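Participant: Take this structure first; my questions come after.
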Amino acid sequence: NAGVTQTPKFRILKIGQSMTLQCAQDMNHNYMYWYRQDPGMGLKLIYYSVGAGITDKGEVPNGYNVSRSTTEDFPLRLELAAPSQTSVYFCASRPPGTGDGRNQPQHFGDGTRLSIL
Amino acid sequence: DAKTTQPPSMDCAEGRAANLPCNHSTISGNEYVYWYRQIHSQGPQYIIHGLKNNETNEMASLIITEDRKSSTLILPHATLRDTAVYYCIGGGRGGTASKLTFGTGTRLQVTL
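Which chain is which? The protein sequence lines are U and R, in order.
Per our numbering, the very first residue in the first sequence carries number 689; after that it's consecutive.
Per our numbering, the very first residue in the second sequence carries number 27; after that it's consecutive.
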């Protein structure tokens, strides 16, 4: 069971370039999330999705776009890379809460380390 | 989501219990308390979560005060591999997208 897989693991971009960070999960989770983590800080939510075809903004969505065409994949797009987007990006997923409303924890990938120069 | 407060760092001797406190005085009645940890720069790892009652699993125990304004994560026999940043998070109401708000956590250093 691969869990949450993120690619690439590392990337260096030039200012103004674009790229897509890939995230795939094989646990049939309907909830998926993208976070960024700056050095010495906690994670900040960029975008999330509650199911295929449904996405919504998190705390820091500016400069990013997402799509969710399948349950398995939740790619994150940077259109015009800026130095402020240098960070570690984490993708996470979780199943829906159980019948008693008890929410399930999120499962995280190993991250993509992105540097923009 | 509830705002949480944790000490920035703690030390613990290997083999001893590590007790990590967290204040979440603004937590609402249906918000859970989650604990995650992050080793080096790996992805956060889920540890445990609870609503009102104390919880225990193979990794840790979670003690939640009766008024739910604070909680303590207990690692009963800390090892060097438990050195990590530990995050306490209040959130995940039933029926929502369960967005989690990560603070800066507690950096636990386990020493020989």
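Quick reminder that beta carbons are idealized off the backbone N, C-alpha and C, glycines included.
The structure displayed is predicted, hence computed values, not measured ones.
Against chain R, does D798 (chain U) count as a neighbour if the rule is that its beta carbon must be under 8 Å from one of theirs?
Facilitator: Locating residue 798 (chain U) in the first sequence gives position 110, counting from the first residue. Taking Cβ atoms only, chain R reaches closer than 8 Å to D798 (chain U), which makes this a yes.
Participant: Give the C-beta separation of N80 (chain R) and S87 (chain R) to the nearest angstrom, bearing in mind that I take them to be a contact with Cβ-Cβ under 8 Å.
Facilitator: Position 54 of the second sequence, counting from 1, holds the residue named residue 80 (chain R). Position 61 of the second sequence, counting from 1, holds the residue named residue 87 (chain R). Sure, about 7 Å apart at Cβ, within 8 Å.
Participant: Just to make sure I have the definition right: I need the residues of chain U whose C-beta is within less than 7 Å of the C-beta of H66 (chain R). Which are they?
Facilitator: Within the second sequence, numbered from 1, the residue matching residue 66 (chain R) stands at position 40. None at all; the shortest Cβ gap to chain U is about 11 Å.
Participant: Under 8 Å between C-beta atoms, does L764 (chain U) make it to chain R?
Facilitator: Along the first sequence, read from residue 1 onward, the residue named residue 764 (chain U) stands at position 76. No, no contact with chain R.
Participant: Could you say which of R:I115, R:Q68, R:V111 lies nearest to V692 (chain U) if we only look at CA atoms?
Facilitator: By 1-based counting over the first sequence, the position of residue 692 (chain U) is 4. V692 (chain U) has its Cα closest to that of R:Q68, out of R:I115, R:Q68, R:V111.
Participant: Considering Cα atoms alone, identify which of U:P793, U:I703, U:Y736 is closest to V748 (chain U).
Facilitator: Against the first sequence, residue 748 (chain U) aligns to sequence position 60. Of U:P793, U:I703, U:Y736, the residue nearest in Cα terms is U:Y736.
Participant: Can you grab the Cα-Cα spacing for the pair N83 (chain R) / Y72 (chain R), in whole Å?
Facilitator: For this step, residue 83 (chain R) is matched to residue 57 along the second sequence. For this step, residue 72 (chain R) is matched to residue 46 along the second sequence. So the alpha carbons of these two residues sit roughly 11 Å apart.
Participant: Quick one: what's got a C-beta closer than 6 Å to L731 (chain U)'s C-beta in the same chain, skipping five residues either side?
Facilitator: For the purposes of this step, residue 731 (chain U) is taken as the residue at position 43 of the first sequence. Cβ neighbours of L731 (chain U) beyond the five flanking positions: Y723, Q725.
Participant: Does the CB of G55 (chain R) have a neighbour CB from chain U at under 8 Å?
Facilitator: Residue mapping note: residue 55 (chain R) aligns to position 29 of the second sequence, counting from 1. Output row for G55 (chain R): interface = no.
Participant: Would you say H75 (chain R) reaches chain U, if we count a Cβ-Cβ gap shorter than 8 Å as a contact?
Facilitator: Here residue 75 (chain R) corresponds to residue number 49 of the second sequence, with the count starting at 1. It does; some Cβ of chain U falls within 8 Å.
Participant: For the region 738-753 of chain U, which residues have a beta carbon sitting closer than 9 Å to at least one beta carbon of chain R?
Facilitator: Listed by position along the chain: V738, D744, G746, E747.
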